[in-house]
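Below: the structure, in structure tokens.
Numbering (our numbering), first residue to last: 514 to 964.
Okay, structure coming up:
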């Protein structure tokens with residue numbers, strides 16, 4: 514039964530273990546390479562890029578409302594007419610005449626706005642919508658960096674956890690063999706053997722779970738970059754993380770309330786809502802246009818073969834009553850303007866909270882990393898002491914097993930703390946709208962793809 518379980522374990526963990534064993538070899542992909550793959554292949558970012566390109570046309574569309582419009586119409590007809598003449602005295606038909614002929618006409622119309630206040634607000638609104646598209650795209654670019662880094666570090670963390678559990682299972686296996694040997698010579702009880710067997714089986718189950726977690730992390734990264742990476746560069750040994758600069762939470766909060774892309778976007782949305790309100794109110798104002806036209810008609814007849822004319826003038830339209838639409842639209846946009854103000858305040862608060870959380874994530878994360886590094890040293894020393902004590906008979910088997918589990922748990926927590934702190938550094942930059950490729954390069958310098 515145990516042999517079959519071990520076979521299942523090997524089969525299910527094959528992909529993850531193979532990735533774990535090949536990781537860190539020469540030519541491993543680093544964070545910067547993975548980020549470039551994400552730019553080229555991420556579907557969400559590709560959609561955002563297309564949306565950004567579409568948003569650039571809003572400025573052009575708004576400007577068109579201020580420019581003249583020119584149109585042309587033309588038609589051609591085939592006509593058939595007939596008439597019958599009658600004698601004046603008798604009323605009898607004298608002759609019937611049928612006539613078939615062609616006629617055609619064309620016209621050119623030019624209209625140029627001289628005073629259309631709503632068109633001016635439409636132009637300004639189009640420019641704001643283009644700026645909004647830029648802001649949203651910049652925010653999506655930051656989101657791509659965060660998603661890529663998070664997926665990358667999740668793979669590294671899952672790989673580190675699997676390594677720690679594999680080492681734990683190996684140590685538990687060695688302890689199990691030692692307990693069996695000691696039981697045969699009578700130096701330990703059967704309880705020690707059962708305890709060692711239990712810890713080995715538990716470590717085997719944990720290895721399966723960790724392997725599955727690594728597989729899922731790899732698939733999540735593949736969803737972003739378009740393929741499953743064969744190798745990923747890990748952190749350099751003894752890497753040191755730096756504190757935020759400036760090391761002042763208030764400065765980061767102030768910067769987030771102004772520079773956060775969510776705040777910038779909501780500010781533009783508020784300005785657009787103001788323009789919508791002004792455009793709606795302008796529906797009550799008269800409009801003045803310059804109009805010009807030229808037309809020509811050709812129609813064979815007895816007296817006239819062709820008519821042609823041109824016209825230049827101004828046209829004034831004064832709206833008197835439109836069924837209450839303009840007033841209703843004005844009230845609607847006024848309410849939406851108030852909503853935009855509230856949304857902007859919420860965006861500022863959200864940005865400030867994100868900056869605080871990210872700053873504390875960096876500072877507390879660094880303290881946690883330092884504490885866990887000390888705990889790792891202590892746990893390693895404790896394991897070595899318990900192993901030696903077990904050999905000389907002053908420690909029992911459960912002490913060694915507990916020390917092994919404690920060390921494996923500390924190693925996993927330390928790895929998670931490092932990656933969480935690095936992600937918090939990126940989120941802190943994103944909260945103030947300054948996250949860019951140079952930050953990816955800075956983190957990439959902490960990775961080692963050569964070994």
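All C-beta atoms, glycine included, are put in the ideal place defined by N, C-alpha and C.
All of these numbers come straight from a predicted model, not from anything done at the bench.
> Going straight from the alpha carbon of residue 940 to that of residue 864, what length do you get?
Replying inline: Counted from its first residue, the chain shown places residue 940 at position 427. Counted from its first residue, the chain shown places residue 864 at position 351. Each residue's alpha carbon lies about 11 Å from the other.
> Do residue 856 and residue 779 have their C-beta atoms within less than 8 Å of each other?
Replying inline: By one-based count along the chain shown, residue 856 stands at place 343. By one-based count along the chain shown, residue 779 stands at place 266. Yes, Cβ-Cβ distance for residue 856 and residue 779 is below 8 Å.
> Looking only at its own chain, which residues have a Cβ that is under 6 Å from the Cβ of residue 622, when we skip the five neighbours before and after it?
Replying inline: Sequence index remark: in the chain shown, residue 622 carries index 109 (1-based). Once the five neighbours on either side are set aside, the close Cβ partners of residue 622 are 584 and 806.
>> According to DSSP, simplified to helix, strand and coil, what is residue 753?
In response: For this step, residue 753 is matched to residue 240 along the chain shown. Here residue 753 sits in coil by DSSP.
>> For residue 946, which residues in the same chain have their Cβ closer than 6 Å to its Cβ, ignoring the five residues on either side in sequence?
In response: Position 433 of the chain shown holds residue 946. 772, 773 and 774, listed in sequence order.
> Excluding five sequence neighbours on each side, which residues of the same chain lie with their C-beta closer than 8 Å to the C-beta of residue 790?
Replying inline: Your numbering for residue 790 matches position 277 in the chain shown. Once the five neighbours on either side are set aside, the close Cβ partners of residue 790 are 843, 846, 847, 849 and 850.
> Using a Cβ-Cβ cut-off of 7 Å (strictly less than) and excluding sequence neighbours within five positions of residue 913, which residues of its own chain qualify?
Replying inline: For the purposes of this step, residue 913 is taken as the residue at position 400 of the chain shown. Hits under 7 Å: 688, 899, 900 and 903.
> Which same chain residues, not among the five before or five after residue 888, have their C-beta less than 6 Å away from its C-beta?
Replying inline: On the chain shown, residue 888 is found 375 positions in, with the first residue counted as 1. Result list for residue 888: 923, in chain order.
>> Considering only DSSP beta bridges, list what residue 823 is partnered with.
In response: By 1-based counting over the chain shown, the position of residue 823 is 310. Residue pairing by DSSP places residue 823 opposite 807 in a beta bridge.
> My guess is that residue 665 and residue 734 are in contact by the Cβ rule of under 8 Å, so how many angstroms apart are they, rounded?
Replying inline: For the purposes of this step, residue 665 is taken as the residue at position 152 of the chain shown. For the purposes of this step, residue 734 is taken as the residue at position 221 of the chain shown. Contact flag correct, Cβ pair sits at about 6 Å.
> Do three or more CB pairs link the stretch 826-837 to the stretch 795-806 at distances below 8 Å?
Replying inline: yes
> Just how far apart, CA to CA, sit residue 586 and residue 867?
Replying inline: Start at 1 with the first residue of the chain shown, and residue 586 comes out as number 73. Start at 1 with the first residue of the chain shown, and residue 867 comes out as number 354. Those two C-alpha atoms are separated by around 59 Å.
> Once you ignore the five residues that flank residue 712 on each side, which residues in its own chain have a CB closer than 6 Å to its CB?
Replying inline: Numbered from 1 along the chain shown, position 199 holds the residue referred to as residue 712. Cβ within range, chain order: 685 and 914.
>> Tell me the rounded alpha-carbon separation between residue 777 and residue 710.
In response: Looking up residue 777 in the chain shown gives position 264. Looking up residue 710 in the chain shown gives position 197. About 60 Å.
> Going by beta carbon distance, what residues of the same chain come within less than 7 Å of residue 826, once the five residues before and after it are set aside?
Replying inline: Taking the chain shown and counting its residues from 1, the one referred to as residue 826 is at position 313. These residues qualify, in order along the chain: 804.
>> Using a 10 Å radius around the Cβ and a threshold of 16 neighbouring Cβ atoms, would you call residue 707 buried or exposed?
In response: Position 194 of the chain shown, counting from 1, holds the residue named residue 707. Flag for residue 707 reads exposed.
>> Once DSSP output is grouped into helix, strand and coil, what is the label at residue 867?
In response: The residue labelled residue 867 in the question sits at position 354 within the chain shown. Look at residue 867 here: in three-state DSSP terms it is helix.
> Using the C-alpha atoms, what's the distance from residue 547 back to residue 859?
Replying inline: Against the chain shown, residue 859 aligns to sequence position 346. Against the chain shown, residue 547 aligns to sequence position 34. Looking at the two C-alpha atoms, the distance is approximately 34 Å.
>> Let me check understanding here. Comparing Cα to Cα, which of 893, 935, 954 and 951 lies closest to residue 680?
In response: Sequence index remark: in the chain shown, residue 680 carries index 167 (1-based). Here the closest residue by C-alpha is 893.
>> Please state whether the Cβ-Cβ distance between residue 673 and residue 883 is less than 8 Å.
In response: Here residue 673 corresponds to residue number 160 of the chain shown, with the count starting at 1. Here residue 883 corresponds to residue number 370 of the chain shown, with the count starting at 1. No; because the gap between Cβ atoms is not below 8 Å, this pair is not in contact.
> Which same chain residues, not among the five before or five after residue 762, have their C-beta less than 7 Å away from its C-beta?
Replying inline: The residue given as residue 762 occupies position 249 in the chain shown. Hits under 7 Å: 869 and 872.
> Cβ atoms of residue 641 and residue 781: under 8 Å apart, would you say?
Replying inline: Locating residue 781 in the chain shown gives position 268, where the first residue counts as 1. Locating residue 641 in the chain shown gives position 128, where the first residue counts as 1. Their beta carbons are under 8 Å apart, which means residue 781 touches residue 641 by this criterion.
> Cβ of residue 802 within 8 Å of Cβ of residue 624?
Replying inline: Counting from 1 along the chain shown, the entry for residue 802 is found at position 289. Counting from 1 along the chain shown, the entry for residue 624 is found at position 111. Yes; because the gap between Cβ atoms is below 8 Å, this pair is in contact.
> Are there 16 or more other CB atoms within 10 angstroms of the CB of residue 588, so buried, or fewer, so exposed?
Replying inline: In the chain shown, residue 588 corresponds to position 75, counting from 1. By the 10 Å Cβ count, residue 588 comes out exposed.
>> Please identify the residue among 840, 646 and 613 whose C-alpha is closest to the C-alpha of residue 590.
In response: If you number the chain shown from 1, residue 590 lands on position 77. Nearest of 840, 646 and 613 to residue 590, Cα basis: 613.
> Can a CB atom of chain D be found closer than 8 Å to the CB of residue 580?
Replying inline: Looking at the structure shown, chain D is missing, and only one protein chain is on hand.
> Does DSSP put residue 957 in a helix, a strand or coil?
Replying inline: Stepping through the chain shown from its first residue, residue 957 is reached at position 444. DSSP places residue 957 in helix when its eight states are reduced to three.
> Counting along the chain, where does the alpha helix (DSSP H) carrying residue 575 start and finish?
Replying inline: Stepping through the chain shown from its first residue, residue 575 is reached at position 62. Counting along the chain, the alpha helix (DSSP H) containing residue 575 begins and ends at 570-577.
>> From the DSSP secondary-structure annotation, give me the bridge partner or partners of residue 612.
In response: The sequence position of residue 612 within the chain shown is 99, counting from 1. Beta-bridge pairing links residue 612 to 594.
> Considering only residues of the same chain and omitting the five flanking positions on each side of residue 671, which have a CB-CB separation below 6 Å?
Replying inline: Locating residue 671 in the chain shown gives position 158, where the first residue counts as 1. Once the five neighbours on either side are set aside, the close Cβ partners of residue 671 are 726, 727 and 730.
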